[in-house]
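Take a look at the structure below.
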Amino acid sequence: MSDYLVIVESPAKAKTIERYLGKKYKVKASMGHIRDLPKSQMGVDTTNNYEPKYITIRGKGPVLKELKTAAKKAKKVFLAADPDREGEAIAWHLAHSLQLDIHSDCRVVFNEITKDAIKESFKYPRPINLDLVNSQQARRILDRLVGYNISPLLWKKVKKGLSAGRVQSVAVRLIIDRENEIKNFEPQEYWTIEADFLKGNDRFQASFYGMNGKKMELTSEDEVKEVLKKIKGSTFTISTVSRKERRRNPAPPFITSSLQQEAARKLNFRAKKTMMLAQQLYEGIELGKEGIVGLITYMRTDSTRISDIAQKEAADFITTHYGKEYVKTAGRKEKKQTNAQDAHEAIRPTSTMRLPNMMKEYLSRDQLRLYKLIWERFLASQMASAVMDTMSVDIINGEVTFRANGSKVKFPGFMKVYVEGSDDQLDEKEKMLPSLEKGDEVLSEEMKEKQHFTQPPPRYTEARLVKTLEELGIGRPSTYAPTLDTIQKRGYVALDNKRFVPTELGEIVLELMMEFFPEILNVEFTANMENNLDAIEEGKVKWVQIIDDFYLGFEKSLQKAESEMKEVEIKDEYAGEDCEQCGNPMVFKMGRYGKFMACSNFPDCRNTKPIVKQIGVKCPKCQDGNIIERKSKKRRIFYGCDRFPDCDFLSWDKPIERVCPKCENLLIEKKLKKGVQVQCTACDYKENQQS
Numbered sequence: 048m049s050d051y052l053v054i055v056e057s058p059a060k061a062k063t064i065e066r067y068l069g070k071k072y073k074v075k076a077s078m079g080h081i082r083d084l085p086k087s088q089m090g091v092d093t094t095n096n097y098e099p100k101y102i103t104i105r106g107k108g109p110v111l112k113e114l115k116t117a118a119k120k121a122k123k124v125f126l127a128a129d130p131d132r133e134g135e136a137i138a139w140h141l142a143h144s145l146q147l148d149i150h151s152d153c154r155v156v157f158n159e160i161t162k163d164a165i166k167e168s169f170k171y172p173r174p175i176n177l178d179l180v181n182s183q184q185a186r187r188i189l190d191r192l193v194g195y196n197i198s199p200l201l202w203k204k205v206k207k208g209l210s211a212g213r214v215q216s217v218a219v220r221l222i223i224d225r226e227n228e229i230k231n232f233e234p235q236e237y238w239t240i241e242a243d244f245l246k247g248n249d250r251f252q253a254s255f256y257g258m259n260g261k262k263m264e265l266t267s268e269d270e271v272k273e274v275l276k277k278i279k280g281s282t283f284t285i286s287t288v289s290r291k292e293r294r295r296n297p298a299p300p301f302i303t304s305s306l307q308q309e310a311a312r313k314l315n316f317r318a319k320k321t322m323m324l325a326q327q328l329y330e331g332i333e334l335g336k337e338g339i340v341g342l343i344t345y346m347r348t349d350s351t352r353i354s355d356i357a358q359k360e361a362a363d364f365i366t367t368h369y370g371k372e373y374v375k376t377a378g379r380k381e382k383k384q385t386n387a388q389d390a391h392e393a394i395r396p397t398s399t400m401r402l403p404n405m406m407k408e409y410l411s412r413d414q415l416r417l418y419k420l421i422w423e424r425f426l427a428s429q430m431a432s433a434v435m436d437t438m439s440v441d442i443i444n445g446e447v448t449f450r451a452n453g454s455k456v457k458f459p460g461f462m463k464v465y466v467e468g469s470d471d472q473l474d475e476k477e478k479m480l481p482s483l484e485k486g487d488e489v490l491s492e493e494m495k496e497k498q499h500f501t502q503p504p505p506r507y508t509e510a511r512l513v514k515t516l517e518e519l520g521i522g523r524p525s526t527y528a529p530t531l532d533t534i535q536k537r538g539y540v541a542l543d544n545k546r547f548v549p550t551e552l553g554e555i556v557l558e559l560m561m562e563f564f565p566e567i568l569n570v571e572f573t574a575n576m577e578n579n580l581d582a583i584e585e586g587k588v589k590w591v592q593i594i595d596d597f598y599l600g601f602e603k604s605l606q607k608a609e610s611e612m613k614e615v616e617i618k619d620e621y622a623g624e625d626c627e628q629c630g631n632p633m634v635f636k637m638g639r640y641g642k643f644m645a646c647s648n649f650p651d652c653r654n655t656k657p658i659v660k661q662i663g664v665k666c667p668k669c670q671d672g673n674i675i676e677r678k679s680k681k682r683r684i685f686y687g688c689d690r691f692p693d694c695d696f697l698s699w700d701k702p703i704e705r706v707c708p709k710c711e712n713l714l715i716e717k718k719l720k721k722g723v724q725v726q727c728t729a730c731d732y733k734e735n736q737q738s
């Protein structure tokens, strides 16, 4: 008989912790929540202080029975679920089911699954934190009141299978609002003038800045011609030279949202995949003789705080491998996350000494890529700032001013290891200027005037949407991945070229929600509700009061919607062709992965087919078929012949109509990091890259 029983959520975690604690401890897994609100009914008594009705989750009976048996045999039971609200709630439900005293020292929390962290945490068990539990309970009840009241209404008025939720509804609104911005966008014309200058044998570029030292925007070709007319000859004079030293600080270590964003940018991971892999790295990986080891700290966090021990280990590593000058200076101010709960540390490797290349034989390709990203980001955050030498010069000819900017890395600092990605701009690169001094004369070689038009705001990628939700204070670290997953499963939005586009169904549902439940879609209201949940966690307010304040107004909106919301008929859009099986017209339907074609005679005829997108190129292999855009099982776009399987031509790169001028073979558009380049598939012919 074991002296102590420890209950965690997952079996992987249980194995690791049991090995660290020794023979006196038996570690078992609850497999997540044991109790929850029933699926078949509301489960919340709105007439009795919103009393929740909890039941044992279907299928969890045998697990609970096993835990009860083990608990009776043990001298003491420790509840070691994850160190967040959800984990605290799991511990609370387990305590009730196993009849444990919630005020006894039965709760153990740790931020990383390492031997030292586990052993240290068991020295300081504590009672269950009811404020944390109440905060999670309030969120669960709030979401149940919204979802179980609005969803049946949408089923009745629109179609079955729809749902509504606080965070998911706001996310859909953001996507639709952005789509409307794009549709209503009116491009504005503007022009630039780029010039090549020579100083001796050194060539450099500068851009038109303004007239008489004042900045001037060029909005038409006529304005460009007027500027060019004022330039007399090819000799320009350097009027000002400004040299500065600029420091660039590293990005802080990852929190949940920044990990999801950077994994999307650099690894092309969806938020759901990132969290799944991070969970595996946190719970433990078999490392040969070391056994199962947790490689990263807890992955649901909004804090960039790092423990003193981890900072010292990182500093020692940096000193050894890069030199003392690369260690972060003590006086550097770190930017703090607003509204952060700071419950536990940032996401970091449990040991800096476990280098990514040492983990290759133990991790899958994707696990290794994510671990490397986390390891590099953390190490860079503990390194010295980069120092850049910048130079700016104004070049004049009469009234006309051009400006050139240059920079070079004086001291790389953290950039030796890692540079944060960006949705909006390219990584900073060196752009050197020759040695220039005030009064120097330079010669202009060529003036290139270019017409441009302002671009609409971009559609949301997963990374952009997570960032926006975080900035607006909507949702919390654990909610982003499931929210993005849900709005796609419900068919409210679809991903097109990795960017969210709203569907007709999404627009219909949003319009109804805006009319009858505007407060649910109000960004400030939703963000304020998150603050209220935080206040419950901090013990400042009672959860019943927060729910009551919301429900009194919501109930009135619900009654109005029940009586006034009209039924919406979503008419099928005809596809313009007939079913080859029964002869009835084919129509467009919306599925989980976007639109597809289906027979209008459903359910008697169940014929479906994907929507074929022609790209206007004949098949280079069979010469009879046409190239069409297709999607792989993983939703990746590729190109193939429409005569498949008779012709098996396929290409990941988009073929174009022209042939190679050098060898007359197929040309394709090759996607690069900074744009697209036309290349030949048979020879070395390439065309200039387009951004």
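This note's numbering applies: residue 48 is where the sequence shown begins, and numbers increase by one.
Note that beta-carbon positions come from the ideal geometry of N, C-alpha and C, so glycine has one too.
query = Can you round the beta-carbon distance between residue 648 and residue 669 to whole angstroms, since I take them to be within the 8 Å contact cut?
reply = Within the sequence shown, residue 648 is the residue found at index 601, counting from 1. Within the sequence shown, residue 669 is the residue found at index 622, counting from 1. Not really, about 33 Å apart at Cβ, beyond 8 Å.
ask   = Expressed to the nearest angstrom, what Euclidean distance is found between the alpha-carbon atoms of residue 601 and residue 564?
value = Locating residue 601 in the sequence shown gives position 554, where the first residue counts as 1. Locating residue 564 in the sequence shown gives position 517, where the first residue counts as 1. Roughly 8 Å separates the two Cα atoms.
request  = From the DSSP output, in three-state form, read off residue 412 for me.
outcome  = What you label residue 412 is simply residue 365 of the sequence shown in a count that begins at 1. In the structure shown, residue 412 adopts helical secondary structure according to DSSP, grouped into three states.
inquiry  = On the DSSP letters alone, give me the boundaries of the alpha helix (DSSP H) that residue 328 sits inside.
reply    = As a working note, residue 328 is residue 281 in the sequence shown. Its alpha helix (DSSP H) spans residues 318-330.
query = Hey, how far is the Cα of residue 175 from the Cα of residue 182?
reply = If you number the sequence shown from 1, residue 175 lands on position 128. If you number the sequence shown from 1, residue 182 lands on position 135. If I take the Cα positions, the gap works out to 13 Å.
request  = Express the C-alpha separation of residue 144 and residue 161 in angstroms, rounding to a whole number.
outcome  = As a working mapping, residue 161 is identified with position 114 in the sequence shown. As a working mapping, residue 144 is identified with position 97 in the sequence shown. If you draw a straight line from the Cα of residue 161 to the Cα of residue 144, it is about 29 Å long.
message = To the nearest angstrom, how far is the alpha carbon of residue 774 from that of residue 99?
response = For the chain, the structure presents residues 48 to 738; residue 774 sits outside this window and is missing.
query = Is the CB-CB distance between residue 180 and residue 153 below 9 Å?
reply = On the sequence shown, residue 180 is found 133 positions in, with the first residue counted as 1. On the sequence shown, residue 153 is found 106 positions in, with the first residue counted as 1. Residue 180 places its beta carbon 9 Å or farther from that of residue 153.
ask   = So, using beta-carbon positions, are residue 316 and residue 324 closer together than 9 Å?
value = The count along the sequence shown starts at 1 and reaches residue 316 at position 269. The count along the sequence shown starts at 1 and reaches residue 324 at position 277. At a Cβ-Cβ threshold of 9 Å, residue 316 and residue 324 count as neighbours.
query = How many Å lie between residue 51 and residue 397 at the Cα?
reply = Working through the sequence shown from its first residue, we reach residue 51 at position 4. Working through the sequence shown from its first residue, we reach residue 397 at position 350. For residue 51 and residue 397, the distance between alpha carbons rounds to 26 Å.
query = Leaving out the 5 sequence neighbours to the left and right, which residues in its chain are closer than 6 Å to residue 234 when beta-carbon positions are compared?
reply = As a first step, residue 234 must be located in the sequence shown, where it is residue number 187. So the qualifying residues of the chain are 500 and 501.
ask   = Between residue 222 and residue 507, is the Cβ-Cβ spacing less than 9 Å?
value = What you label residue 222 is simply residue 175 of the sequence shown in a count that begins at 1. What you label residue 507 is simply residue 460 of the sequence shown in a count that begins at 1. Closer than 9 Å, so yes.
ask   = So what's residue 206 in DSSP terms, helix, strand or just coil?
value = The count along the sequence shown starts at 1 and reaches residue 206 at position 159. Coil at residue 206, not helix or strand.
task = Quick one: grab the DSSP three-state call for residue 70.
result = The residue labelled residue 70 in the question sits at position 23 within the sequence shown. Residue 70 falls in the coil class under three-state DSSP.
key: Helix, strand or coil at residue 452 [DSSP, three-state]   = One-based indexing of the sequence shown puts residue 452 at position 405. Strand at residue 452.
query = With DSSP run on the structure shown, which of helix, strand or coil describes residue 264?
reply = Translated into positions along the sequence shown, residue 264 becomes position 217. DSSP, read as helix, strand or coil, puts residue 264 in coil.
ask   = For the region 612-668, which segments carrying the beta strand (DSSP E) assignment without a break, of at least 3 residues, lie completely within its bounds, in sequence order?
value = With a minimum length of 3 residues, the unbroken runs of beta strand (DSSP E) contained wholly in the region 612-668 fall at 620-625, 632-638, 641-646 and 660-665.
request  = Determine, using beta carbons only, whether residue 723 and residue 483 come nearer to each other than 9 Å.
outcome  = Taking the sequence shown and counting its residues from 1, one reaches residue 723 at position 676. Taking the sequence shown and counting its residues from 1, one reaches residue 483 at position 436. No, these two residues do not count as a Cβ contact at 9 Å.
request  = Please name the residue or residues paired with residue 287 in a DSSP beta bridge.
outcome  = Here residue 287 is taken as the residue at index 240 of the sequence shown, counted from 1. When DSSP reads this structure, residue 287 sits in a beta bridge with 441.
ask   = If residue 521 sits next to residue 286, beta carbons under 8 Å apart, how far is it from one beta carbon to the other, in whole angstroms?
value = By one-based count along the sequence shown, residue 521 stands at place 474. By one-based count along the sequence shown, residue 286 stands at place 239. Contact check for residue 521 and residue 286: beta-carbon distance about 49 Å, past the 8 Å limit, so the pair fails to qualify.
ask   = Near residue 132, which residues of its chain fall below 6 Å by C-beta distance, leaving aside the five closest residues on each side in sequence?
value = Position 85 of the sequence shown, counted from the first residue, corresponds to residue 132. Exclusion of the five residues before and after residue 132 leaves 179, 182 and 183 as the residues of its chain whose Cβ lies within less than 6 Å of its Cβ.
query = For the region 542-560 against the region 212-226, are there 3 or more C-beta pairs whose distance is under 8 Å?
reply = Contact holds: three or more Cβ-Cβ distances are below 8 Å.
query = Around the Cβ of residue 417, are there at least 16 other Cβ atoms within 10 angstroms (buried) or fewer (exposed)?
reply = In the sequence shown, counting from the first residue as 1, residue 417 sits at position 370. So residue 417 counts as buried.
query = Bridge partners of residue 488, per DSSP?
reply = In the sequence shown, counting from the first residue as 1, residue 488 sits at position 441. Paired residue(s): 284.
message = For a quick check, are the C-beta atoms of residue 330 and residue 59 less than 9 Å apart?
response = As a working mapping, residue 330 is identified with position 283 in the sequence shown. As a working mapping, residue 59 is identified with position 12 in the sequence shown. Between residue 330 and residue 59, the C-beta spacing is below 9 Å.
request  = Please confirm whether residue 300 and residue 469 have their CB atoms less than 9 Å apart.
outcome  = Here the question's residue 300 lines up with position 253 in the sequence shown. Here the question's residue 469 lines up with position 422 in the sequence shown. With respect to the 9 Å criterion, residue 300 and residue 469 are not classified as neighbours on the basis of their beta carbons.
request  = Identify which residue in 660, 659, 631 and 665 has its Cα closest to the Cα of residue 651.
outcome  = Working through the sequence shown from its first residue, we reach residue 651 at position 604. The shortest Cα separation from residue 651 among 660, 659, 631 and 665 belongs to 631.
CA nearest to the CA of residue 326, picked from 340, 435 and 541 = Counting from one through the sequence shown, the residue named residue 326 turns up at place 279. The shortest C-alpha separation from residue 326 is found at 340.
inquiry  = For residue 672 and residue 731, what's the separation of their Cα atoms in angstroms?
reply    = Within the sequence shown, numbered from 1, the residue matching residue 672 stands at position 625. Within the sequence shown, numbered from 1, the residue matching residue 731 stands at position 684. As the crow flies, the alpha-carbon of residue 672 is around 27 Å from that of residue 731.
message = Tell me the rounded alpha-carbon separation between residue 567 and residue 241.
response = Position 520 of the sequence shown, counted from the first residue, corresponds to residue 567. Position 194 of the sequence shown, counted from the first residue, corresponds to residue 241. C-alpha separation (whole angstroms): 50 Å.
ask   = Does the beta-carbon distance from residue 346 to residue 306 come in below 9 Å?
value = On the sequence shown, residue 346 is found 299 positions in, with the first residue counted as 1. On the sequence shown, residue 306 is found 259 positions in, with the first residue counted as 1. Their beta carbons are under 9 Å apart, which means residue 346 touches residue 306 by this criterion.
inquiry  = Using CA atoms only, rank isn't needed, just tell me which of 269, 196 and 255 is closest to residue 560.
reply    = The residue labelled residue 560 in the question sits at position 513 within the sequence shown. Nearest of 269, 196 and 255 to residue 560, Cα basis: 196.
task = Ignore the nearest five residues each way along the sequence and tell me which others in residue 66's own chain have a CB closer than 8 Å to its CB.
result = Along the sequence shown, read from residue 1 onward, the residue named residue 66 stands at position 19. Around residue 66: 338 and 339.
query = Would the beta-carbon of residue 461 fall within 9 Å of that of residue 254?
reply = The count along the sequence shown starts at 1 and reaches residue 461 at position 414. The count along the sequence shown starts at 1 and reaches residue 254 at position 207. Taking 9 Å as the cut-off, the Cβ atoms of residue 461 and residue 254 do not count as close.
Residue 188 (DSSP reduced to helix, strand or coil) = Within the sequence shown, the letter at position 141 stands for residue 188. Reduced to three states, the DSSP call for residue 188 is helix.
query = Alpha carbon to alpha carbon, how far is residue 700 from residue 157?
reply = Residue mapping note: residue 700 aligns to position 653 of the sequence shown, counting from 1. Residue mapping note: residue 157 aligns to position 110 of the sequence shown, counting from 1. Spanning the two alpha carbons is a distance of roughly 47 Å.
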